[in-house]
Structure formats: structure tokens, C-alpha cells
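Q: Got a structure for you, written out below as C-alpha cells; questions coming shortly.
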Amino acid sequence: MSNNFEFGIKKQLITKEELSKKVKELGEKITCDFKDENAPLIVIGLLKGSVVFMADLIREIKLPLEIDFIEASSYGEGTHTTREVKILKDLRSTISGKNVLVVEDIIDSGFTLKKILQILGSRNPKKVSLCTLLDKPERREVEVEVQYVGFEIPNEFVVGYGLDFDEKYRNLEYIGIAEPSVFE
Ligand code: 5GP
Ligand code: MG
Ligand code: MG
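When we follow the working numbering, the leftmost residue of the sequence shown carries the number 1192, and every step to the right adds one.
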């Protein structure tokens, strides 16, 4: 077992500086879009992948806001009929009448977010918007409307800045691509 926390990373796809610049831009845009809204803003992170991004993003949103977290897990085979999304940890807050901004690390097939949006939508929020750091449009199987996207990336498995492989690599300051040997 290597003690090197970057062991197996073959390259940086998005650097720390690029991430920081993008998070600032997203925060500015969100601030501008929500500044004249007269409903409370609640930012909801999807555990665990979004936590690093969310921690940085909320400090670039210059508005009063609350935060909460929800955790979902996908089970079953990768087909429309068998794919099931379970809520492992629900919100503590109520969202009725609030403007909800859901923060996700990456959208792949879209199944997780679609289900989360259905659940949140049924709780009478004023509006639900979505912000994802990364998007792999090639992989989409169900349509989800995303208002804020950090980076569109190719169909490669990425780690870092919150994203894991086998619960590791979340603490990298950049988005990296791991050697295929790491996954074997
Ligand atoms: P989906 O959009 O297919 O429902 O699932 C998205 C979830 O799968 C993401 O929130 C993330 O947890 C995981 N995921 C998808 N692509 C990647 C990737 O390239 N790297 C990592 N670490 N997780 C991914
Ligand atoms: Mg996620
Ligand atoms: Mg994961």
C-alpha cells in the first residue's frame, strides 16, 4: 500500500487554478441570478462527491443562504428498468417556498439527479435549479435540465476535488485521471 495520496494518477485534467477560476465565475452568475429573488435560498449538496466543490462555491455566492445535504445511492444494473435510486440520508430542512440550488459533482447517466429532482420537486419548493461541476454529455441516458455547468469533460473516469475511486482521491486539489491499472 503506497502512502502517496496521488499514487496512480496519470494526469491532471483540470488544475487547481482552473477549478478556482470556474467556481468564482459560477458563484458570480448564481449571485446575479438570485439576487432579486424574494424567496430564501437553500443550497443542497449531494453527498459525498459534491462537498469540496460546494464548500468553495457557497463562499462565492454573495447572498444569504442555508445549506443542507442529501445522500442517494444507485443500485442494480445499468438499464432504465432496473436502475433504482435510494435515499440514504434525507434533508434536515424543509424546502417549501424556497429557491433550491442542487449542487452535484458530476452528471453521468443522469439517473441520480432525475430522481433527486423528482423528490425535491414534490416538496413544494419555489424553484429548483441545478449546478454541476462536471458534465459527461456523451453518457447521458435520461434528460436533466442543468442551469450551471462548470466543465464538460470526455467520457473518462475522473477523481479528485471531492470525486472518489473506492472512497479515495477525494482530497486531490485538482481533477485527475487515474491509470487503468488502479481500477483492476
Ligand atoms: P448518474 O448521473 O449516472 O446517475 O451518476 C452520477 C454519479 O456517478 C456521480 O454523482 C458520481 O458519484 C458517479 N460518477 C459518474 N462518473 C464519475 C467519474 O468519472 N468519476 C467518479 N469519481 N464518479 C463518477
Ligand atoms: Mg455525485
Ligand atoms: Mg463515488
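For each residue, glycine too, the CB sits at the ideal point set by N, CA and C.
Just so you know, these numbers come straight off a predicted model, no measurement behind them.
Taking all protein chains shown into account, decide if T1270 is buried (16 or more other Cβ within 10 angstroms of its Cβ) or exposed.
A: Within the sequence shown, numbered from 1, the residue matching residue 1270 stands at position 79. Residue placement at T1270 is poorly supported in this model, since its pLDDT is 48, which falls under 50; the coordinates are not used for a value here.
Q: Taking the continuous alpha helix (DSSP H) assigned at K1309, which residues delimit it?
A: Position 118 of the sequence shown, counted from the first residue, corresponds to residue 1309. The sequence given here has Gln at residue 1309, not Lys. It spans F1302 to G1312 - the alpha helix (DSSP H) in which Q1309 sits, taken as one unbroken run.
Q: So, helix, strand or coil for F1196, using DSSP?
A: If you number the sequence shown from 1, residue 1196 lands on position 5. Here F1196 sits in coil by DSSP.
Q: How many angstroms separate the CA atom of K1280 from the CA atom of L1256?
A: Taking the sequence shown and counting its residues from 1, one reaches residue 1280 at position 89. Taking the sequence shown and counting its residues from 1, one reaches residue 1256 at position 65. When rounded, the distance between both Cα atoms is 21 angstroms.
Q: Ends of the beta strand (DSSP E) at G1341?
A: Translated into positions along the sequence shown, residue 1341 becomes position 150. Note, G1341: beta strand (DSSP E), Y1339 to E1343.
Q: Please classify G1288: does DSSP put it in a helix, a strand, or coil?
A: Here the question's residue 1288 lines up with position 97 in the sequence shown. Coil.
Q: Would you check if the stretch 1220-1237 and the stretch 1248-1263 touch, i.e. whether three or more CB-CB distances between them fall below 8 angstroms?
A: Touching, per the Cβ criterion.
Q: Identify whether D1355 lies in helix, strand or coil by the three-state DSSP scheme.
A: For this step, residue 1355 is matched to residue 164 along the sequence shown. Reduced to three states, the DSSP call for D1355 is coil.
Q: Helix or strand or just coil, what does DSSP make of L1256?
A: Taking the sequence shown and counting its residues from 1, the one referred to as residue 1256 is at position 65. Correct three-state label for L1256: coil.
Q: Output the distance between the C-alpha atoms of S1313 and Q1338, rounded to the nearest integer angstrom.
A: Your numbering for residue 1313 matches position 122 in the sequence shown. Your numbering for residue 1338 matches position 147 in the sequence shown. Roughly 20 angstroms between the two C-alpha positions.
Q: In whole angstroms, give me the CA-to-CA distance for V1333 and F1302.
A: Here residue 1333 corresponds to residue number 142 of the sequence shown, with the count starting at 1. Here residue 1302 corresponds to residue number 111 of the sequence shown, with the count starting at 1. Distance between the alpha carbons of V1333 and F1302 is about 6 angstroms.
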